[in-house]
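All residue numbers for the sequence shown refer to the working numbering, where the first residue is 933 and numbers rise by one. Yeah, the Cβ is synthetic: ideal placement off N, Cα and C, and Gly gets one too. Each remark here refers to the structure printed beneath this line.
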Amino acid sequence: CIRDSDCPTPVSTVYEVFKDNRGGVRWLGWFVTRVEPTSDPECGVGATREVTFLWGLGKLKERFIGWEEDRLWSFTAVGFRPKVFTAFVERVHFEAVDEKNCRIIYRMGADFAPLYRPFAPLVLRFLNRAIVPTLEGARDIAVAGGR
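Here is the structure:
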(Lines of atoms letter the chains of each structure in order from A and count residues from 1; the text may use other names and numbers.)
(Lines give C-alpha, C1' and ligand atoms only; values in the text may rest on other atoms or scores of the structure.)
Protein backbone atom coordinates (compact mmCIF):
# COMPACT_ATOMS: atom_id res chain seq x y z
CA CYS A 1 0.00 0.00 0.00
CA ILE A 2 1.27 3.40 -0.94
CA ARG A 3 -0.52 6.59 0.04
CA ASP A 4 0.44 10.23 0.51
CA SER A 5 -1.64 12.83 2.29
CA ASP A 6 -1.18 16.56 2.57
CA CYS A 7 -1.72 18.02 6.03
CA PRO A 8 -2.31 21.72 6.76
CA THR A 9 -0.30 21.64 9.99
CA PRO A 10 3.40 21.64 10.85
CA VAL A 11 5.09 18.23 10.94
CA SER A 12 5.51 18.40 14.74
CA THR A 13 1.74 18.72 15.23
CA VAL A 14 0.80 15.69 13.14
CA TYR A 15 3.68 13.64 14.56
CA GLU A 16 2.24 14.15 18.04
CA VAL A 17 -0.96 12.45 16.85
CA PHE A 18 1.00 9.41 15.66
CA LYS A 19 2.96 9.26 18.95
CA ASP A 20 -0.23 9.04 21.04
CA ASN A 21 -0.66 5.26 21.16
CA ARG A 22 -3.92 5.13 23.12
CA GLY A 23 -5.36 7.97 21.04
CA GLY A 24 -4.91 5.88 17.91
CA VAL A 25 -8.45 4.52 18.20
CA ARG A 26 -9.67 8.01 17.24
CA TRP A 27 -8.05 7.89 13.80
CA LEU A 28 -6.89 4.36 12.92
CA GLY A 29 -10.31 3.32 11.61
CA TRP A 30 -13.63 1.96 12.82
CA PHE A 31 -12.26 -1.58 13.01
CA VAL A 32 -9.53 -0.64 15.55
CA THR A 33 -11.08 -0.83 19.00
CA ARG A 34 -8.03 -0.54 21.27
CA VAL A 35 -4.38 0.48 21.13
CA GLU A 36 -2.35 -0.35 24.22
CA PRO A 37 1.35 0.37 24.78
CA THR A 38 3.13 -2.73 26.10
CA SER A 39 6.55 -1.28 26.88
CA ASP A 40 8.20 1.44 28.89
CA PRO A 41 9.03 3.78 27.28
CA GLU A 42 5.93 3.77 25.07
CA CYS A 43 7.69 5.54 22.18
CA GLY A 44 10.90 5.10 20.24
CA VAL A 45 12.76 2.29 18.53
CA GLY A 46 12.07 -0.96 20.35
CA ALA A 47 8.82 0.24 21.95
CA THR A 48 5.89 -2.16 21.60
CA ARG A 49 2.13 -1.94 21.52
CA GLU A 50 -0.88 -4.14 20.87
CA VAL A 51 -3.65 -3.15 18.47
CA THR A 52 -7.04 -4.85 18.94
CA PHE A 53 -9.43 -5.16 16.01
CA LEU A 54 -13.17 -5.68 16.12
CA TRP A 55 -13.46 -5.92 19.90
CA GLY A 56 -10.96 -8.76 20.21
CA LEU A 57 -11.53 -10.78 17.05
CA GLY A 58 -8.03 -9.80 15.94
CA LYS A 59 -4.85 -8.58 17.56
CA LEU A 60 -1.63 -7.23 16.15
CA LYS A 61 1.51 -6.89 18.28
CA GLU A 62 3.88 -4.25 16.95
CA ARG A 63 7.50 -3.27 17.62
CA PHE A 64 8.74 0.12 16.46
CA ILE A 65 11.76 -0.22 14.18
CA GLY A 66 12.02 3.38 13.00
CA TRP A 67 11.54 6.48 15.11
CA GLU A 68 12.88 9.91 14.28
CA GLU A 69 10.97 12.74 15.94
CA ASP A 70 8.99 14.76 13.39
CA ARG A 71 10.35 12.63 10.56
CA LEU A 72 9.79 8.85 10.71
CA TRP A 73 7.42 6.41 12.44
CA SER A 74 7.72 2.74 11.52
CA PHE A 75 6.89 -0.63 13.02
CA THR A 76 6.94 -4.31 12.21
CA ALA A 77 4.40 -6.82 13.45
CA VAL A 78 5.75 -9.39 15.88
CA GLY A 79 2.49 -11.24 16.49
CA PHE A 80 -0.86 -11.73 14.78
CA ARG A 81 -4.20 -13.20 15.66
CA PRO A 82 -5.51 -14.60 13.42
CA LYS A 83 -2.22 -15.38 11.67
CA VAL A 84 -3.10 -13.72 8.35
CA PHE A 85 0.44 -12.41 7.78
CA THR A 86 3.90 -13.91 8.13
CA ALA A 87 5.43 -10.42 7.91
CA PHE A 88 3.95 -6.94 8.12
CA VAL A 89 5.61 -3.52 8.23
CA GLU A 90 4.35 0.06 8.06
CA ARG A 91 6.48 3.13 7.47
CA VAL A 92 5.28 6.71 7.71
CA HIS A 93 7.59 9.51 6.68
CA PHE A 94 6.70 13.11 7.53
CA GLU A 95 7.93 15.81 5.20
CA ALA A 96 7.64 19.56 5.77
CA VAL A 97 6.21 21.41 2.79
CA ASP A 98 6.67 24.75 4.54
CA GLU A 99 6.34 26.08 8.11
CA LYS A 100 2.58 25.46 8.26
CA ASN A 101 2.06 22.39 6.04
CA CYS A 102 3.42 18.88 5.71
CA ARG A 103 3.01 15.69 3.75
CA ILE A 104 2.42 12.27 5.29
CA ILE A 105 4.01 9.55 3.15
CA TYR A 106 2.67 6.08 4.00
CA ARG A 107 4.07 2.71 2.89
CA MET A 108 3.03 -0.78 3.95
CA GLY A 109 4.32 -4.21 3.02
CA ALA A 110 3.03 -7.65 3.99
CA ASP A 111 3.59 -11.32 3.32
CA PHE A 112 0.56 -13.53 3.76
CA ALA A 113 0.37 -16.85 5.56
CA PRO A 114 -0.22 -19.70 3.06
CA LEU A 115 -3.87 -20.19 4.08
CA TYR A 116 -4.64 -16.51 3.38
CA ARG A 117 -2.66 -16.03 0.15
CA PRO A 118 -5.73 -16.56 -2.06
CA PHE A 119 -7.33 -13.61 -0.26
CA ALA A 120 -4.28 -11.34 -0.54
CA PRO A 121 -5.66 -9.17 -3.37
CA LEU A 122 -8.91 -8.62 -1.46
CA VAL A 123 -7.12 -7.80 1.82
CA LEU A 124 -4.69 -5.45 0.07
CA ARG A 125 -7.59 -3.65 -1.66
CA PHE A 126 -9.27 -3.23 1.74
CA LEU A 127 -6.07 -1.93 3.35
CA ASN A 128 -5.42 0.45 0.44
CA ARG A 129 -8.91 1.90 0.85
CA ALA A 130 -8.83 1.92 4.66
CA ILE A 131 -5.61 3.92 4.85
CA VAL A 132 -7.21 6.95 3.16
CA PRO A 133 -9.70 7.72 5.97
CA THR A 134 -7.04 6.68 8.50
CA LEU A 135 -4.62 9.34 7.27
CA GLU A 136 -7.47 11.83 6.97
CA GLY A 137 -8.47 11.10 10.58
CA ALA A 138 -4.92 11.71 11.81
CA ARG A 139 -4.78 14.90 9.77
CA ASP A 140 -8.12 16.12 11.12
CA ILE A 141 -7.07 15.51 14.74
CA ALA A 142 -3.78 17.30 14.11
CA VAL A 143 -5.59 20.27 12.54
CA ALA A 144 -8.07 20.46 15.44
CA GLY A 145 -5.27 20.18 18.00
CA GLY A 146 -3.10 22.66 16.20
CA ARG A 147 -5.66 25.45 16.51
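Buried is the label assigned to T945, since at least 16 other Cβ atoms lie within 10 Å of its Cβ.
Residue burial is scored here from C-beta neighbours: N953 has at least 16 other C-beta atoms within 10 angstroms and is therefore classed as buried. By the neighbour-count definition (other C-beta atoms within 10 Å, threshold 16), L1047 is an exposed residue.
For T970, there is no enclosing alpha helix (DSSP H), as DSSP marks it with neither H nor E. Put simply, the backbone Cα of G961 is about 25 Å away from that of P973.
The three-state reading of DSSP puts V943 in helix, counting H, G and I together. Bounds of the beta strand (DSSP E) holding G990 are G990 to E1000.
Every beta strand (DSSP E) of 3 residues or more that sits fully in the region 1001-1055 is shown, in chain order, as 1004-1013, 1017-1028 and 1034-1044. Note on E994: 16 or more other CB atoms within 10 angstroms of its CB, so buried under the neighbour-count rule.
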